[in-house]
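Report on the following structure.
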Amino acid sequence: MQRREDGRMTIQDAWFPPVPDAARRVLRPAWPKGMVCFSSNDYLGLRDHPEVVAAAERTLRAHGVGSGASRLVSGDHPLWHELAGALADWLGFEAGLTVGSGMLLNIGLLQALAGRDTTLFCDRLNHASLVDGARLSGAEVRRFRHCDYEQLAAMLARCSTRHRLIVSDGLFSMDGDTADIEQLLRLAEQHDALLLIDDAHGIGTMGRDGRGVVALAGGSGHPHLVMTGTLGKAFGGYGAFVLARRALIDGLVQRMRTLTYSTALPPLLAASALAALARIRSGGEVARLHANMRCFAAATGVDLSSPIVPWRIGEDAAALAVGELLAQRGFRVVAMRPPTVPKGTARLRITLSARHDHTQITALAAALTEVTPAAE
Ligand SMILES: *Cc1c(COP(=O)(O)O)cnc(C)c1O
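Just so you know, we're using my numbering here: the sequence shown kicks off at 2 and counts up by one.
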């Protein structure tokens with residue numbers, strides 16, 4: 002611990018208890034030089050795609066870096082409306098709204114949708130942004146076991162508050178499995194509930210057209226459904242969006258505090274997202290990602306249904322050690338530990354990207370068998 006020059010500890014030095022090495026979190030670059038990264042959410046390699054970069058550059062020169070204010074003051078830009086319309090059109094919803102990042106969106110969205118007269122029904126493995134949004138909303142929160150819709154149905158049947166809102170990730174970020182959208186929509190209809198699906202990881206990766214788990218299940222535009230996604234993953238940029246019926250989107254503009262009280266995103270991010278959407282719709286990147294998933298499955302024998310592979314280890318220290326062995330072999334695969342994943346289920350979270358080539362993937366598969374001979 003750092004001491005002042007006179008030898009006394011400062012208030013900041015002593016504020017947090019020391020973190021043991023096995024639990025220490027560190028900040029790291031996305032694609033480190035000389036290493037092949039298998040931990041990025043840049044699933045389609047669009048982060049630095051020439052067309053995406055060029056669109057951002059053009060808008061940067063025309064409109065500058067920042068937006069200057071909240072969208073409700075003077076920070077709005079037509080490109081955000083164009084993007085919201087294009088996303089709604091592509092994903093089959095009536096209307097859309099872009100807001101901050103996925104974290105800001107979910108926090109603001111749940112606060113806007115839910116209050117004291119609402120019960121929230123949340124999958125236990127939901128993303129932290131949904132957990133925090135639920136807490137901040139002031140609504141009663143019930144958590145059901147991961148994808149256990151019988152338990153959810155029983156909870157819904159016992160609920161007597163005025164509003165019911167079911168909340169789930171679409172493609173779960175740490176396990177690579179998916180919510181059953183058909184079943185959730187059926188439950189939402191039966192119990193007169195709204196369903197919020199956050200498909201941050203599924204959009205751009207799931208389905209031949211990359212439209213995510215909702216479109217795969219035929220749920221696009223369903224009247225009970227509100228869907229969210231991020232521009233920070235497959236879109237390779239930054240920002241987030243929510244899609245629903247027009248009346249609900251209009252209501253969110255009136256009520257979402259993370260929209261009202263936060264500086265609008267730079268217009269260059271709307272331009273880069275529109276360019277990324279054009280790439281996704283062209284199909285080449287999505288097809289390459291899916292070919293890479295098949296390559297990994299063939300090389301490891303692990304059955305993949307998404308580009309997220311949870312390589313389960315168990316103990317935190319063991320997961321870190323395996324990550325270190327892979328790093329020595331030139332692969333960046335980050336170990337995920339509690340509280341991001343449940344205790345005792347530390348894992349390497351491997352993510353595949355359209356940017357990888359088959360040589361890199363078979364080399365990773367060989368390294369994995371070498372360093373984790375006992376893994377599943
Ligand atoms: C990553 C993620 C978010 C956060 O999105 P950002 O744009 O990175 O803030 C929200 N929800 C889910 C399910 C995520 O995986």
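Ideal Cβ placement from N, Cα and C applies to all residues, glycine included.
{"Asked": "Kindly provide the ranges of any alpha helix (DSSP H) runs that are 4 or more residues long and lie completely inside the region 109-169, ordered along the chain.", "Found": "129-138, 150-158"}
{"Asked": "For Gly205 and Ala180, what's the separation of their Cα atoms in angstroms?", "Found": "17 angstroms"}
{"Asked": "Is the Cβ-Cβ distance between Gly67 and Gly237 less than 9 angstroms?", "Found": "no"}
{"Asked": "Could I get the ranges of all uninterrupted alpha helix (DSSP H) runs contained in the region 165-217, with 4 residues as the minimum, in chain order?", "Found": "182-191, 213-217"}
{"Asked": "Any idea if Trp16 is buried or exposed, counting beta-carbon neighbours within 10 angstroms, 16 or more meaning buried?", "Found": "exposed"}
{"Asked": "Could you name each continuous beta strand (DSSP E) segment of 3 residues or more that falls completely within the region 52-99, going from the start of the chain to the end?", "Found": "96-99"}
{"Asked": "Provide the residue span of the alpha helix (DSSP H) that contains Ile250, from first to last.", "Found": "247-256"}
{"Asked": "Excluding five sequence neighbours on each side, which residues of the same chain lie with their C-beta closer than 7 angstroms to the C-beta of Pro311?", "Found": "Met175, Asp176, Gly177, Arg348, Arg350"}
{"Asked": "Looking at the structure shown, is Met2 part of a helix, part of a strand, or coil, going by DSSP?", "Found": "Per-residue confidence for Met2 stands at a pLDDT of 48, beneath the threshold of 50, marking its modelled position as unreliable; the derived number appears in the next sentence. Correct three-state label for Met2: coil."}
{"Asked": "With 16 other CB atoms within 10 Å as the buried threshold, where does Gln191 fall?", "Found": "exposed"}
{"Asked": "Just how far apart, CA to CA, sit Phe145 and Leu126?", "Found": "9 angstroms"}
{"Asked": "Could you tell me if Asp317 is buried or exposed, where buried requires 16 or more neighbouring beta carbons within 10 angstroms of its beta carbon?", "Found": "buried"}
{"Asked": "In the DSSP assignment, find the unbroken beta strand (DSSP E) run with Gly230 in it and report its ends.", "Found": "226-231"}
{"Asked": "Hey, how far is the Cα of Leu106 from the Cα of Gly222?", "Found": "19 angstroms"}
{"Asked": "Who sits around ligand 1, taking every residue whose Cβ is closer than 6 angstroms to one of its heavy atoms?", "Found": "Ser102, Gly103, Met104, Asn107, His128, Ser130, Asp170, Ser174, Asp199, Ala201, His202, Thr231, Gly233, Ala241"}
{"Asked": "Nearest to Trp81 by CA position, among Leu253, Val20, Leu266, Ser138, is which residue?", "Found": "Leu266"}
{"Asked": "Say whether the region 16-27 touches the region 239-257, bearing in mind that this needs 3 or more beta-carbon pairs closer than 8 angstroms, one atom from each stretch.", "Found": "no"}
{"Asked": "Mark Leu88 as exposed unless 16 or more other C-beta atoms lie within 10 angstroms of its C-beta, in which case mark it buried.", "Found": "buried"}
{"Asked": "Per DSSP, which residues does Phe242 bridge with? Please list them.", "Found": "Thr99, Gly230"}
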